[in-house]
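Peer 1: Top line first, the protein sequences correspond to chains A and B.
463 is the number of the first residue of the first sequence in the working numbering; add one for each residue after it.
2 is the number of the first residue of the second sequence in the working numbering; add one for each residue after it.
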Amino acid sequence: MSLEAFHHSEPLTLGVELELQLVSTHDYDLAPYAEDMLRLMHKTPLPGSVVPEMTNSMIEISTDVCHSCSEVLSQLTPIRDALVKSADKLNIAVVGGGTHPFQQWHERRIYDKPRFHELSALYGYLTKQFTIFGQHVHIGCPDADAALLMLHRMSRYIPHCIALSASSPYVQGQDTQFDSARLNSVFAFPLSGRAPCVLHWTDFEAYFDKMTHTGVVKSMKDFYWDIRPKPEYGTIEIRVFDTPLTIERAAALAGYVQSLGAWFLNEQPFTPQEDDYLVYTYNRFQACRFGLDAVYVDPPTGTHMQLRDHILQTMDKIAPYAEQLGASGAVELLRKDVEAGQNDARWLRDRQREEQMLAEVSRQASIKFRG
Amino acid sequence: MNELMSFWGQWLRPSAGLPTVQWALLLAVASTCGYLVYRHTGLPKVVGYSIVGMVAGLLGFSGAQWPLQGIGLFIMELAISIVLFDAGGRIPWRWFRHNPMVLVQSIAESALTYFAVYWTMLWLNVPHEAAGPIALVAMAASPAVVTRVVADTRAAGPVTDRAIVLATLSTLYALTLGGAHAEMLSRPGSRFFETIPPVMVMFGVSIVVGALLSGLIRIALRYMSPESENTSILVLALIAASTAIAAHLGGSAPLAALIGGMLIKQLHPRPWALPRQLGTASSVLTMLMFVLVSTVAAQADWNLAIAGTVFTLIIVRLVAKAMGVGIGNIGTGASWRQAVWVGAAMMPMSSIALLIASQFMAASASTGAVISSIALPTILLMEVFGAVIATVALYRAGETHKPWAELPTGPSGDEHRES
Chain A
463 MSLEAFHHSE PLTLGVELEL QLVSTHDYDL APYAEDMLRL MHKTPLPGSV
513 VPEMTNSMIE ISTDVCHSCS EVLSQLTPIR DALVKSADKL NIAVVGGGTH
563 PFQQWHERRI YDKPRFHELS ALYGYLTKQF TIFGQHVHIG CPDADAALLM
613 LHRMSRYIPH CIALSASSPY VQGQDTQFDS ARLNSVFAFP LSGRAPCVLH
663 WTDFEAYFDK MTHTGVVKSM KDFYWDIRPK PEYGTIEIRV FDTPLTIERA
713 AALAGYVQSL GAWFLNEQPF TPQEDDYLVY TYNRFQACRF GLDAVYVDPP
763 TGTHMQLRDH ILQTMDKIAP YAEQLGASGA VELLRKDVEA GQNDARWLRD
813 RQREEQMLAE VSRQASIKFR G
Chain B
2 MNELMSFWGQ WLRPSAGLPT VQWALLLAVA STCGYLVYRH TGLPKVVGYS
52 IVGMVAGLLG FSGAQWPLQG IGLFIMELAI SIVLFDAGGR IPWRWFRHNP
102 MVLVQSIAES ALTYFAVYWT MLWLNVPHEA AGPIALVAMA ASPAVVTRVV
152 ADTRAAGPVT DRAIVLATLS TLYALTLGGA HAEMLSRPGS RFFETIPPVM
202 VMFGVSIVVG ALLSGLIRIA LRYMSPESEN TSILVLALIA ASTAIAAHLG
252 GSAPLAALIG GMLIKQLHPR PWALPRQLGT ASSVLTMLMF VLVSTVAAQA
302 DWNLAIAGTV FTLIIVRLVA KAMGVGIGNI GTGASWRQAV WVGAAMMPMS
352 SIALLIASQF MAASASTGAV ISSIALPTIL LMEVFGAVIA TVALYRAGET
402 HKPWAELPTG PSGDEHRES
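1. May I ask you to report which of helix, strand or coil DSSP gives A/PHE703?
2. Please name the residue in B/LEU123, B/ILE208, B/VAL209, B/ALA183 whose C-alpha comes closest to that of B/ILE197.
3. Could you work out which residue in B/ALA299, B/ALA366, B/MET348, B/GLY73 is closest to B/GLY54 when comparing CA atoms only?
4. Have a look at B/SER284 and A/VAL678 and give me their C-alpha separation to the nearest angstrom.
5. For chain B, find out if any of its Cβ atoms is closer than 8 Å to the Cβ of A/MET503; answer yes or no.
6. Which of the residues in the stretch 524 to 553 of chain A, read from start to end, lie with their CB under 7 Å from any CB of chain B?
7. Do you know offhand how far A/SER532's Cα is from A/ARG542's?
8. Of the choices B/ALA366, B/LEU293, B/ALA376, whose alpha-carbon is the least far from that of B/LEU74?
9. With a threshold of 8 Å between beta carbons, is A/ALA493 in contact with chain B?
10. In terms of DSSP beta bridges, what is A/MET520 paired with?
11. Under 9 Å, CB to CB, which of the residues in the stretch 294 to 318 of chain B have a partner in chain D?
12. Report yes or no: is there a C-beta of chain B within less than 8 Å of the C-beta of A/ASP498?
13. Within 8 Å (strictly less), CB to CB, does B/GLY280 reach chain A?
14. Using a 10 Å radius around the Cβ and a threshold of 16 neighbouring Cβ atoms, would you call A/ASP574 buried or exposed?
15. Compare the Cα-Cα distances from A/SER519 to each of A/THR539, A/ASP550, A/GLN565 and report the closest residue.
16. Got a sec: which bits of the stretch 214 to 234 of chain B sit with their beta carbon under 8 Å from any beta carbon on chain A, in order along the chain?
17. Kindly provide the ranges of any alpha helix (DSSP H) runs that are 4 or more residues long and lie completely inside the stretch 672 to 736 of chain A, ordered along the chain.
18. Touch check for the stretch 475 to 493 of chain A and the stretch 619 to 634 of chain A: three-plus C-beta pairs under 8 Å?
19. Give me whichever residues DSSP pairs with A/LEU492 in a beta bridge.
20. So what does DSSP say about A/ASP641, is it helix, strand or coil?
21. When you compare only the Cα positions, how much space is there between A/GLN591 and A/LEU492?
22. What residues in the stretch 97 to 119 of chain B bring their beta carbon closer than 7 Å to a beta carbon of chain A?
23. List the whole-angstrom C-beta distance separating A/THR539 from A/ILE709, where the pair is believed to meet the contact cut-off of C-beta under 8 Å.
24. If you draw a straight line from the C-alpha of B/ALA376 to the C-alpha of B/LEU137, how long is it?
25. Show which residues of chain B have a CB atom less than 9 Å away from the CB atom of A/ARG825.
26. When the Cα atoms are used, what is the spatial distance from B/ILE92 to B/ILE260?
27. Mind listing which residues of the stretch 153 to 164 of chain B have their C-beta closer than 8 Å to chain A's C-betas, in chain order?
28. Give the range of the alpha helix (DSSP H) segment to which A/SER828 is assigned.
29. Less than 8 Å between the beta carbons of A/GLU694 and A/LEU465, yes or no?
30. Beta-carbon separation of A/VAL599 and A/VAL512 under 8 Å?
31. Spatial neighbours of B/GLU400 within its chain, please: CB distance less than 7 Å, with the 5 preceding and 5 following residues excluded, ordered by chain position.
32. Under the rule that 16 or more other beta-carbon atoms within 10 Å means buried, what is B/THR410, buried or exposed?
33. From this set, B/ALA335, B/HIS402, B/TRP342, which residue's C-alpha is nearest B/ILE390's C-alpha?
34. Quick check: the Cα distance between B/MET140 and B/ASN304, rounded to an integer number of angstroms?
35. On a Cα-Cα basis, can you pick out the residue from A/PRO658, A/LEU588, A/PHE578 that is closest to A/HIS614?
36. Starting from B/PRO144, follow the alpha helix (DSSP H) in both directions and report where the run begins and ends.
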């Protein structure tokens, strides 16, 4: 199978996907209610879509193509409200966060859909351990080459995305000491990590052909890269975000990415190169482990600095573009949290310190999600 | 030899007596049978417990007499109270605000069951005085059996949750109406208004004890973690105390525990972590309850006429529950397929039905005897086959940990299924 042609999309348009947890209101463990939620949600006319995910305690919502983060929020809000209403009807709750804090992976059941069963057959227990919850942000690119350029430029800011969205400190009832433990589960997949550093679509097509020739991949869906091109949409898709605890933060993160994209397109601030990736995995690890307190190694200079300082510097650079795109409020919301050293992982840890009970933390997170 | 016996005799001490040995051995056999049934068929352990109790009862085991009284009655009330306290804690009132149709569904299936069984009993020439109580006994689905089936099959999902809630609500109605009806039956010839005060006393005591129970646990949970073993012991001790007090003061101990569980869920909306911690103590009591129920129920006299009545009752009850759940399903958010399996999962009858029948027996020996002759065999059959039907329903609904096809059939089965 050859690679699909890169479709046209309006530059800097946004699409947001959120994977969400369905939990029981009895013990706040994951509850297999995806099918029932989908049935109820399909009765309500909404923007975007609501679809099943790998295991039947997960659900994925997505927006249509949006032009601004406020439009993202205006689409996510009715979807969230409908989700909450349906959940109330079923006596369950919907929760954000990158992991469920105490679910046991072996108790999960694969959603009854051929592709999920195929993946389960191939990846074994990894598919059930893939009961993790991320936010994906699509950003429209002018053309295929521009998309690859955007992808590799964005790679330098992957630690930003991880630290700002980190909301998965707990796994299987334990504090992992990571702010985002979710990405460790993604790393177990053989085709995860970074995309190959090619800057022209023809080279990417050649790479894809070679990969399909090996029989290892059949489509772009088989790549679990942190950022991957999405030719059928004319976008690149950033996949490292943990699902935030609120849709407001999800929209703000989309606004941040959009502003970064606008900066790249307008100023062409640097040309990505393979050597950028020398520190990629280290920076990624630091952001997952320490969140905003991570060390960031600047790829071109090798300078070490606090990640939070680099995020604030970047926010200064993109501020004019954020203003043009109507994303100033979103970036400001994130800036305040960075200055306060706050992210959702911190909030979850604070709640657990107070409550000493992860199920109660999940309950409070479900209240937070309701808005 | 005489010298040896004389020497040994000096060491003999008064003990708990032969009944204790009999019960201990019976429980050991039940436990083994439950394990083997579970291991080799995938059916819940409660089936094994009930079969052992049934065999013991049919063989004339003298450890439990009908009607229940004394320590046997208390143990059963205590076990029911623990189950109902937990089941009550699964019923959030806010759910009925968001989805009132679930409450309508519950009332529909209970009412349909009552009237269908009542009219069928009249049609079968069962006296009017007995037909009503038998219908009330049939109304109660068993949350005890359903929760054991759920635990053994590790089921989770909409059918599982709804079956537990609807079974608990049917129990609430049956206990309430059954208690009131038993009070009226115990005062034959009294005018309607003369029966109101004792009925109010029964409810009042149950509600006060339930509120006290939930209040004390609420206070404890302010300072103690629900995940602590000590909290579990405290909860068990308080349920035991409330069971004894409610029964002593003329209330209904199971009703008090159920109200207590429902109240604590409203007063304390935090996650319910107690069931996981109640542990072996409550498991032993529950097992004892199942053995006791089937031992007692097996003492009923069977004849062809009774058998015909019992089988008709079971069929009518099955159809009525399924139809009630189905009719009430409109607007509840569940699919029709799920409604069918919810209806099937509500088939089991067990200790609560036996307790309600026991109340009628205590209220009027003559009418009670008629009620018992039909209710006891029904309870016996529906404890065993109800558990099997509920298990099949949860498997067919796809809510068990493993699908039916993967159940173990021999010693090489997956040990992880043991819970």
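Just so it is clear, CB atoms sit at the ideal spot from N, CA and C, and this is done for glycine as well.
All figures in this text were calculated on a predicted structure; none of them were measured in a lab.
Peer 2: In brief:
1. In the structure shown, A/PHE703 adopts extended strand secondary structure according to DSSP, grouped into three states.
2. Closest by alpha carbon: B/ALA183.
3. Nearest option by C-alpha distance: B/ALA299.
4. Whole-angstrom Cα-Cα distance: 51 Å.
5. So, not an interface residue.
6. For the stretch 524 to 553 of chain A, the beta-carbon criterion of a distance under 7 Å to any beta-carbon of chain B is satisfied by ASP550, LYS551, LEU552, ASN553.
7. In a straight line, the C-alpha of A/SER532 is about 15 Å away from that of A/ARG542.
8. Comparing Cα positions, the closest option is B/LEU293.
9. Closer than 8 Å to the CB of A/ALA493 there is at least one CB belonging to chain B.
10. Here A/MET520 is bridged, per DSSP, to A/GLN483.
11. The chain inventory of the structure shown lacks chain D, comprising the protein chains A and B.
12. For A/ASP498, the answer is yes, since a Cβ of chain B falls inside 8 Å of its Cβ.
13. Chain A, which has no Cβ nearer than 8 Å to the Cβ of B/GLY280, makes this no.
14. Burial call: exposed.
15. Checking every option, the nearest Cα to that of A/SER519 belongs to A/GLN565.
16. Within the stretch 214 to 234 of chain B, the residues whose Cβ lies closer than 8 Å to some Cβ of chain A are SER226, PRO227, GLU228, listed in chain order.
17. Scanning the stretch 672 to 736 of chain A for uninterrupted alpha helix (DSSP H) segments of 4 residues or longer gives 709 to 729, listed from N- to C-terminal end.
18. For the pair of segments examined, the stretch 475 to 493 of chain A was found not to touch the stretch 619 to 634 of chain A: the number of CB pairs separated by less than 8 Å stays below three.
19. A/VAL485, per the DSSP bridge assignment.
20. DSSP places A/ASP641 in coil when its eight states are reduced to three.
21. Here the alpha carbon of A/GLN591 sits roughly 13 Å from the alpha carbon of A/LEU492.
22. Interface annotation for the stretch 97 to 119 of chain B against chain A: HIS99, ASN100, criterion Cβ-Cβ distance under 7 Å.
23. Contact check for A/THR539 and A/ILE709: beta-carbon distance about 7 Å, within the 8 Å limit, so the pair qualifies.
24. When rounded, the distance between both Cα atoms is 10 Å.
25. PRO270, ARG271, PRO272, listed in chain order.
26. In this structure, the straight-line span from the alpha carbon of B/ILE92 to that of B/ILE260 is close to 10 Å.
27. Those would be ARG155, ALA157, GLY158, PRO159, ASP162, in chain order.
28. It spans 820 to 832 - the alpha helix (DSSP H) in which A/SER828 sits, taken as one unbroken run.
29. It is not a contact, given that the beta carbons lie outside the stated cut-off.
30. No. Outside cutoff.
31. Its chain contains ALA156, ALA157, GLY158, VAL160, THR161 as the residues whose beta carbon lies nearer than 7 Å to that of B/GLU400, once the 5 sequence neighbours on both sides are disregarded; these appear in chain order.
32. Residue placement at B/THR410 cannot be trusted, given a pLDDT of 48 that sits under 50; the coordinates are not used to answer.
33. Residue B/TRP342 is the option with its Cα nearest to B/ILE390.
34. Near 24 Å, if we compare the C-alpha coordinates of B/ASN304 and B/MET140.
35. Ranking the options by Cα distance to A/HIS614, first place goes to A/PRO658.
36. 144 to 154 is the span of the alpha helix (DSSP H), which, as asked, contains B/PRO144.
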